[in-house]
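Student: Mind looking over this structure? Questions follow.
Residue numbers (this note's numbering): 2 to 167.
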């Protein structure tokens with residue numbers, strides 16, 4: 002299956018009846034809220050922890066993709082499609098949790114704003130890739146900005162530096 006038909010056939014809102022999908026989404030959001038409220042001593046750090054957990058879960062896609070490509074595993078296309086859906090939505094929820102974290106935390110600095118901005122741009126570029134933003138000269142640039150690792154590592158460095166870990 003070509004890359005275009007592979008992305009065209011992605012059921013971005015999931016599989017199954019709409020009531021079942023909405024119920025799963027509701028349970029997921031409820032559990033995320035419970036986690037954010039109870040995971041640490043206050044909601045600000047809990048929402049940051051939630052963002053981190055969702056971000057890590059969302060980006061499991063890339064090591065799995067590298068393993069599949071390196072070992073040339075067959076019959077993994079459906080699993081990779083599902084992981085891509087999870088990658089899209091979990092990164093979106095991670096960005097939203099990071100925005101909540103930024104809003105409820107009473108402090109911030111330059112590095113954290115850089116990290117949040119880069120996270121927003123990468124999320125936005127990912128959605129532009131999914132909807133296949135049409136101008137051809139921009140399509141290649143969006144793909145490169147979203148998939149190359151340089152911005153990702155700058156974002157991780159900015160998060161660590163902003164939280165005074167580095």
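Glycine included, every Cβ here is placed at the ideal spot set by N, Cα and C.
A quick note: this is a predicted structure, and the numbers were derived from the prediction, not measured.
Thinking residue 152 and residue 107 are a contact (beta carbons under 8 Å), I'd like their distance in whole angstroms, please.
Tutor: Numbered from 1 along the chain shown, position 151 holds the residue referred to as residue 152. Numbered from 1 along the chain shown, position 106 holds the residue referred to as residue 107. Wrong, their Cβ atoms sit about 28 Å apart, outside the cutoff.
Student: Alpha carbons only, please: which of 99, 68, 46 and 120 is nearest the one belonging to residue 154?
Tutor: Locating residue 154 in the chain shown gives position 153, counting from the first residue. Of the listed residues, the one whose Cα sits closest to residue 154 is 120.
Student: With a threshold of 8 Å, are at least 3 pairs of Cβ atoms found where one atom belongs to the stretch 134-143 and the other to the stretch 84-94?
Tutor: Taking 8 Å as the limit for Cβ pairs, the verdict is that the stretch 84-94 does not touch the stretch 134-143.
Student: State the DSSP-derived secondary structure class of residue 2, mapped to helix, strand or coil.
Tutor: Here residue 2 corresponds to residue number 1 of the chain shown, with the count starting at 1. Legend: pLDDT at residue 2 = 46, less than 50; position of this residue unreliable, no value from coordinates given.
Student: From which residue to which residue does the alpha helix (DSSP H) around residue 166 run?
Tutor: As a first step, residue 166 must be located in the chain shown, where it is residue number 165. Taken as a continuous stretch (DSSP letters only), residue 166 belongs to no alpha helix (DSSP H), as it is neither H nor E.
Student: Using a Cβ-Cβ cutoff of less than 6 Å, which residues in the same chain neighbour residue 103 once the five nearest sequence positions on both sides are dropped?
Tutor: Here residue 103 is taken as the residue at index 102 of the chain shown, counted from 1. 117.
Student: Determine, using beta carbons only, whether residue 24 and residue 52 come nearer to each other than 8 Å.
Tutor: Translated into positions along the chain shown, residue 24 becomes position 23. Translated into positions along the chain shown, residue 52 becomes position 51. No, these two residues do not count as a Cβ contact at 8 Å.
Student: Please check the pair residue 47 and residue 54, which I expect to be a contact at CB under 8 Å, by giving their CB distance rounded to whole angstroms.
Tutor: Residue mapping note: residue 47 aligns to position 46 of the chain shown, counting from 1. Residue mapping note: residue 54 aligns to position 53 of the chain shown, counting from 1. With a Cβ gap of about 10 Å, residue 47 and residue 54 do not count as contacting.
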